[in-house]
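Numbering (our numbering), first residue to last: 692 to 897.
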């Protein structure tokens, strides 16, 4: 990916991290056309957390998204028995929205700048022994049957992957996940994850 480009956005009530996977069911015409174009051109689109509005646009309703999202590419697709198109996407890298607008079709478009660091394929940062409890937690989360179905490829020796996957899989609200995504420093992300886990533990005790 170049440093910046114009891409289509998929506003959802979920947060996507680099190297994460998600399955989406496509039925709106604007997104069917988008997916066909992505498959034809081997391109992707951005997933952003909805700030206001609904995933399905009705009438004159509008969508507002958070300004930081993740660029995704389609890794698999099939036609379901109910006629809907099912796709599997994988996060490639984080971006920041510089400007966005709706096309006549209703598709949300944006000019984005990609993160130079927070992306798949970047230099590995070793995980220190002090983070072994987080590694163990991630391994236990990965063994959950619903997570196993995703067939994630997790590099447990990479602090980037550790933060991304814990951000994906921890049972926290979307706003907390979004704040983790917006952090540019992987060590700061891990520190925030530890704070969130401590808060969850305290709530469990109370």
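All C-beta atoms in this analysis are idealised placements derived from N, C-alpha and C, irrespective of residue type, glycine included.
Taking all protein chains in view, the Cβ of residue 859 is crowded by 16 or more other Cβ atoms within 10 Å, so the residue is classified as buried. In this structure, the alpha-carbon of residue 885 lies about 25 Å from that of residue 713. Under the 8 Å Cβ criterion, the stretch 694 to 709 counts as touching the stretch 848 to 866, having at least three qualifying pairs. Distance between residue 717 and residue 774, taken at the CA atoms: about 10 Å.
As DSSP reads the structure, residue 712 sits in a beta bridge with 781. Counting every other CB atom within 10 Å of its CB across the protein chains shown gives residue 731 a total below 16, marking it as exposed. Segment contact: the stretch 727 to 742 against the stretch 695 to 706, three or more CB-CB distances shorter than 8 Å; contact assigned. For residue 768, the closest of 762, 776, 761 by C-alpha to C-alpha distance is 776. Every alpha helix (DSSP H) of 4 residues or more that sits fully in the stretch 844 to 897 is shown, in chain order, as 850 to 860, 865 to 873, 877 to 896.
Straight across, the Cα-Cα distance linking residue 815 with residue 798 is about 36 Å.
Where residue 830 is concerned, the enclosing alpha helix (DSSP H) starts and stops at 823 to 833.
A residue is called buried when at least 16 other Cβ atoms come within 10 angstroms of its Cβ; residue 702 meets this threshold and is buried.
Here the alpha carbon of residue 872 sits roughly 31 Å from the alpha carbon of residue 771. Linking residue 818 to residue 778 through their CA atoms gives a straight-line distance of about 32 Å. Cα atoms of residue 809 and residue 842: separation of roughly 22 Å, rounded to the nearest angstrom. With fewer than 16 other Cβ atoms from the protein chains shown falling within 10 Å of its own Cβ, residue 837 counts as exposed. Under the DSSP assignment, residue 731 falls outside any beta strand (DSSP E), being part of the alpha helix (DSSP H) whose first and last residues are 720 to 732.
The C-alpha of residue 846 lies about 42 Å from the C-alpha of residue 795. One alpha carbon belongs to residue 877, the other to residue 850, and they sit about 7 Å apart. In this chain, residue 775 is not harboured by any alpha helix (DSSP H), its DSSP state being neither H nor E. Pairing residue 723 with residue 753, the inter-Cα distance amounts to about 20 Å.
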